[in-house]
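Chains A and B supply the protein sequences, listed in that same order.
Quick note on the UniProt record's numbering: the first sequence kicks off at 1 and runs consecutively.
Quick note on the UniProt record's numbering: the second sequence kicks off at 1 and runs consecutively.
Number of protein chains: 2
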Amino acid sequence: MLENRIRNKTLQNKIMSADEAALLIKDGMNVGTSGFTPSGYPKAVPLALAKRVETTGEKIKIGLFTGASVGDELDGSLSRSKIIRKRLPYQTNESLRKYINDGECEYLDMHLSHVPQYAQYGFLGKLDLAIIEAVGITEEGGIIPSTSIGCSPTFIKIAEKVIVEINTSQPLELEGMADIYIPNDPPHRKPIPITKVNDKIGTPYIPCDVNKIAAIVVTDIKDNVRPLAPIDDISKTISGHLIDFLEHEVKVGRLPKTLFPLQSGVGSVANAVLGGLLESSFENLLCYTEVIQDSMLDLLDSGKALFASGTSITPSEEGLIRFKENINFYKDKIILRPQEISNHPEIIRRLGIIAINTAIEADIYGNINSTNIMGTRMMNGIGGSGDFTRNAYISIFTTPSTAKNGDISSIVPMVAHHDHTEHDVMVLITEQGVADLRGLSPKERAKLIINNCAHPTYQPMLKDYFERAQKSKFKHTPHMLSEALSWHDQFIKNGTMKRLP
Amino acid sequence: MLENRIRNKTLQNKIMSADEAALLIKDGMNVGTSGFTPSGYPKAVPLALAKRVETTGEKIKIGLFTGASVGDELDGSLSRSKIIRKRLPYQTNESLRKYINDGECEYLDMHLSHVPQYAQYGFLGKLDLAIIEAVGITEEGGIIPSTSIGCSPTFIKIAEKVIVEINTSQPLELEGMADIYIPNDPPHRKPIPITKVNDKIGTPYIPCDVNKIAAIVVTDIKDNVRPLAPIDDISKTISGHLIDFLEHEVKVGRLPKTLFPLQSGVGSVANAVLGGLLESSFENLLCYTEVIQDSMLDLLDSGKALFASGTSITPSEEGLIRFKENINFYKDKIILRPQEISNHPEIIRRLGIIAINTAIEADIYGNINSTNIMGTRMMNGIGGSGDFTRNAYISIFTTPSTAKNGDISSIVPMVAHHDHTEHDVMVLITEQGVADLRGLSPKERAKLIINNCAHPTYQPMLKDYFERAQKSKFKHTPHMLSEALSWHDQFIKNGTMKRLP
């Protein structure tokens, strides 16, 4: 079996235990790994490193660069062992989130399309080591990635040494699903030759200098995929509004009947929103996205969608079983690309992507907070939402109109952290309704957002704020700065944004 | 002379007075015009419209769409006559600015690369009329633009009718400087085939259906160009820091000796900052920018720069004379492109642009306010700064560390309006020094910005804010929301951000 997986014979003597390979990680190093969502990330070596540090008390602090979030074996165990000094560009792990919010980890929250480019340009410092999960290695040393591509091609290119984790739980049939293309550096960069969602432009493996491969570890630890929450009524209502909006755009001739390629954010709400398309009248859909979740598999299964391009497959546990069992069905319907390509402004704008992302909160002028709850508490990160939103044909944000059992309004006078500005957000959807902000001035947007998207509990308070703000001297984007963030401040102090008696 | 300018004979009977042509403008229309900076915009027809409304008291309200800012004959006279109901995407006119801040005009502040695309996609409503300044019309009806291209190609394409202002003060030698290319709509869009700053990919005229041309007005009103402020010591110091930074990047191998193509913002400070390159050691520079100002002509004159691509030529009055006198020298060193191409993410990222833009204020975490003074008072607009910043090889913002004789700190705890977020800003430069934010977490950025960029008067106050904020529970982007905007609030109330006794 291993001969199928490690086809270059000279490399077979690089096989060692995870404990041995983990010795290559030294204090002060920058380490880049595969992984994008809890999918395709190395597992055995980080677990061995954490165990060693826990046992020996050795002081090891590293910079950890990944594609996006990864599973608990990497982010969780290294956070709990306090091994991560610096972390980029995205995370969703409970232990790491606490470690970041406690101020113990320097966390960089980056646009995901920027990461490979900045690493390649030398803007993130030297990359000492890459740790890459693979399903196999070709005779020439080409690394065949598993369930995500992320930044692996660039990390392998620029790292001094490479550790490969051959994961036998990942089906070898994944071979052929990846399409690896790394743009040249300026001034030698050429147009990226993708004009259709299913264009293949690269190689099915990641080129790698065999001499850089310092260790090969064989493991069978499965991707620690996350369960998806059951689809609730609010998600269903939001999904319904989205479909109504898209149908209207088709009716007035601004979208074709097959729509344009869809991008959908990650998580339960995003999955539910996309899931609504299953019962819609749209046909022959295409997806050009980051992460392929259950609802996208459903769309492919049903024939509603013809093709999906992404950088990662991250279904639920049930979805992963279905994916593996039917891998030959999916194989000619899915391409996995480096995140530099899946999220590239050039391609997103060219293909005319419909971008659907989730907001933590929006303000009356259309600014979006995607990252910091109450302005200071990091949730996950901006991820690819900025790459898609800025360059989309239509950019859409969804959020339930309230959170915390109604004590938080997701529509506020001013967002407490800005990730997407008024210049980038076209459509806002809550379970209350749709605000189509295209072509509107700030004051026109405010009226629409308050009327169509805010929860009835908070509508009068927002109207009151907006009316009083308009009495100030300058009326382009009316605000009362001493009150603009007071809703958040009150929540921090009293646990509710509701008007206190 | 006019036969040289209007080469299609059947069009000669469309020549009429500005007063007659202005009658084509009706209440409720959306009107798109040429013009990008006070350069290449229509002058005679808007002046005639304003005069008529002033004389007759007729009620006319229009939506006015342009490339960017335009001269006083258009924005000024139509604002003073209260003719503009809605205005996009940028402005710099004193009368219009007051009209916007008084709340009498619905103003949309847009990324300039988005405007032609949104107009073409139908997101801005129907365009009833285009008014385009030209140096001539070809035999086939092709419109030869004057000193700016802006959105003219798209406006001509989608407008129901077109008025052409043939401006005889604009030299016919401008013919050949324009390169007109309009991307196809998705799903038929192809890669934009520019891989070098001086690539020509289109036609030297704007294609136009002859039957759409409803009027031709001949005028000789000159572009109302703006004087440039003399270069002051602060601008010189900022320019010095910029050059030191770029030299360091060359030294460590992150930039070649000729740098990468430069983009520079518009205005006196930006002009001064770029002017510093004249005395630098860099050679064979290239510019891929929006607006070609005096300092860029200086770079071409001196041979320091080889080529400049933009969407507009806007020198000072002296610069304009120099440009016209030496137009044959400049003709093979300058290309003017539609703003969809000069500002296109695809090209900016491919060419590896060094983007240098001016901030109104920055905060300790690297967010930038480019538009709204004290959060509510519109200055100009975001312009192209977002197009370039997000997609640049290196994105740089410059600002003097204080304004209003020291009563405003340009470095604040939190910017009062967000145009560029922490995710996009790589380098901040004031006369105090340089903060290179690449690869840094929010807290690391804050330390560097406070130490290197803040004015000594405000440094202790910023340190105090940052230290106290770090005592809050969540320490990723530490803030005290009740104080975050208090500096602005205090300035509004007391006229200074300085600590009051």
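Glycine included, each C-beta is placed from N, C-alpha and C at the ideal position.
Source: prediction; values computed, not measured.
query: Of all the alpha helix (DSSP H) runs that stay within the bounds of the region 287-336 of chain A, which reach a length of 4 or more residues?
result: Counting only runs that start and end inside the region 287-336 of chain A, the alpha helix (DSSP H) elements of at least 4 residues fall at 294-302, 317-325, 327-331.
- prompt: If you draw a straight line from the alpha carbon of Q91/A to that of D27/A, how long is it in whole angstroms?
  reply: Going by the C-alpha atoms only, they are around 22 Å apart.
Beta-ladder partner(s) of P261/A, from DSSP: According to DSSP, residue pairing for P261/A in a beta bridge does not occur.
query: Along the chain, where does the beta strand (DSSP E) that runs through E165/B open and close?
result: Its beta strand (DSSP E) spans residues 161-167.
- prompt: Does DSSP put Y107/A in a helix, in a strand, or in coil?
  reply: Correct three-state label for Y107/A: strand.
message: At the level of alpha carbons, what is the spacing between I137/B and I144/B?
response: Taking the straight line joining both Cα atoms gives about 6 Å.
task: Show which residues of chain A have a CB atom less than 8 Å away from the CB atom of L108/B.
output: The contacting residues are G439, L440, S441.
message: Can you confirm whether the region 374-381 of chain A touches the region 484-495 of chain A when touching is taken to mean that 3 or more C-beta pairs between the two stretches lie within less than 8 Å?
response: Yes: the two stretches touch, three or more of their Cβ pairs being nearer than 8 Å.
- request: Let me know if G125/B comes out buried or exposed under the rule of 16 or more other beta-carbons within 10 Å of its beta-carbon.
  value: Result: exposed.
query: Just how far apart, CA to CA, sit Q117/B and M426/A?
result: Cα to Cα, the separation comes out at about 13 Å.
field: Through-space distance from G267/B to I341/B, alpha-carbon basis
entry: When the Cα atoms are used, I341/B and G267/B turn out to be separated by approximately 21 Å.
field: According to DSSP, residues forming a beta bridge with M378/B
entry: According to the DSSP secondary-structure assignment, M378/B is paired through a beta bridge with N372/B.
query: How would you label T33/A, buried or exposed, when you count the other beta carbons within 10 angstroms and need 16 or more for buried?
result: If you draw a 10 Å sphere on the C-beta of T33/A, you find 16 or more other C-beta atoms in it, and that means buried.
query: Are there three or more Cβ pairs, one per stretch, closer than 8 Å when the region 292-305 of chain A is compared with the region 375-390 of chain A?
result: Per the Cβ contact rule, the region 292-305 of chain A is not in contact with the region 375-390 of chain A (fewer than 3 Cβ pairs under 8 Å).
message: Looking at the strands, I want to know which residues DSSP matches up with D436/B.
response: DSSP output for D436/B lists V427/B as bridge partner(s).
Near-chain A residues of the region 295-311 of chain B (beta-carbon distance less than 8 Å), N- to C-terminal order: Residues of the region 295-311 of chain B with a C-beta atom less than 8 Å from some C-beta of chain A do not occur.
query: Assuming Y41/A and E140/A make a contact with CB atoms under 8 Å, what is their CB distance in whole Å?
result: That pair is no contact at about 25 Å.
- prompt: With which residues is G32/A paired in a DSSP beta bridge?
  reply: Its beta-bridge partners are F65/A, A130/A.
- prompt: Bridge partners of F397/A, per DSSP?
  reply: In the DSSP output, where bridge partners are listed per residue, F397/A has N357/A, L428/A.
- prompt: Given a threshold of 16 other Cβ atoms within 10 Å of its Cβ, counted over all protein chains shown, does N328/A qualify as buried or as exposed?
  reply: Using a 10 angstroms sphere on the CB of N328/A, the tally of other CB atoms stays under 16, which defines it as exposed.
task: Could you tell me which of N391/B, L47/B, S409/B, H418/B sits nearest to M378/B, measuring between CA atoms?
output: Considering only alpha carbons, the answer is H418/B.
- prompt: From what residue to what residue does the alpha helix (DSSP H) around L462/B run?
  reply: 459-469 is the span of the alpha helix (DSSP H), which, as asked, contains L462/B.
Contact set for L440/B: own chain, Cβ-Cβ below 8 Å, skip 5 residues either direction: Hits under 8 Å: L448.
- prompt: What residues in its chain sit with their C-beta under 7 Å from that of D424/A, if we drop five residues either side in the sequence?
  reply: Around D424/A: T389, R390, S395.
task: Count the other CB atoms, across all protein chains shown, that sit within 10 Å of the CB of H111/B; report buried if there are 16 or more and exposed otherwise.
output: Classification for H111/B: buried.
- prompt: Cβ of H455/B less than 8 Å from any chain A Cβ?
  reply: Not one chain A Cβ lies under 8 Å of H455/B.
message: Taking contact to mean 3 or more Cβ pairs, one atom from each stretch, closer than 8 Å, check whether the region 283-290 of chain A and the region 299-306 of chain A are in contact.
response: When Cβ pairs closer than 8 Å are counted between the two stretches, the region 283-290 of chain A is seen to touch the region 299-306 of chain A, the count reaching three or more.
- request: Would you tell me roughly how many angstroms separate the C-alpha atoms of M177/A and F307/A, rounded to the nearest one?
  value: Their backbone Cα atoms lie some 12 Å apart in a straight line.
Neighbourhood of Q12/A by C-beta distance below 6 Å, restricted to the same chain and skipping five residues each side: Hits under 6 Å: I6.
message: Beta carbons nearer than 9 Å to chain A: which residues of the region 474-488 of chain B have them?
response: Taking 9 Å as the Cβ-Cβ cut-off against chain A, the residues of the region 474-488 of chain B that qualify are F474, K475, H476, T477, P478, H479, M480, L481, S482, A484, L485, S486, H488.
task: Would you verify that the beta carbon of L351/A is, or is not, closer than 8 Å to some beta carbon of chain B?
output: Interface residue, yes.
- request: Report the residue from A446/B, R468/B, I408/B, H479/B whose alpha carbon sits nearest the alpha carbon of K493/B.
  value: The shortest Cα separation from K493/B among A446/B, R468/B, I408/B, H479/B belongs to I408/B.
Per-residue DSSP class, three states only, for H455/B: If DSSP states are grouped into helix, strand and coil, H455/B belongs with coil.
Beta-carbon proximity check, I25/A vs L49/A, cutoff 8 Å: Their beta carbons are under 8 Å apart, which means I25/A touches L49/A by this criterion.
query: Mind pulling the chain A residues with CB within less than 7 Å of I313/B?
result: Residues of chain A passing the Cβ test: none, with the nearest at roughly 25 Å.
query: Under a Cβ-count criterion, where at least 16 other Cβ atoms within 10 Å of its own Cβ denotes burial, should S401/A be classed as buried or exposed?
result: S401/A is classed as buried because its beta carbon has at least 16 other beta carbons within 10 Å across all chains shown.
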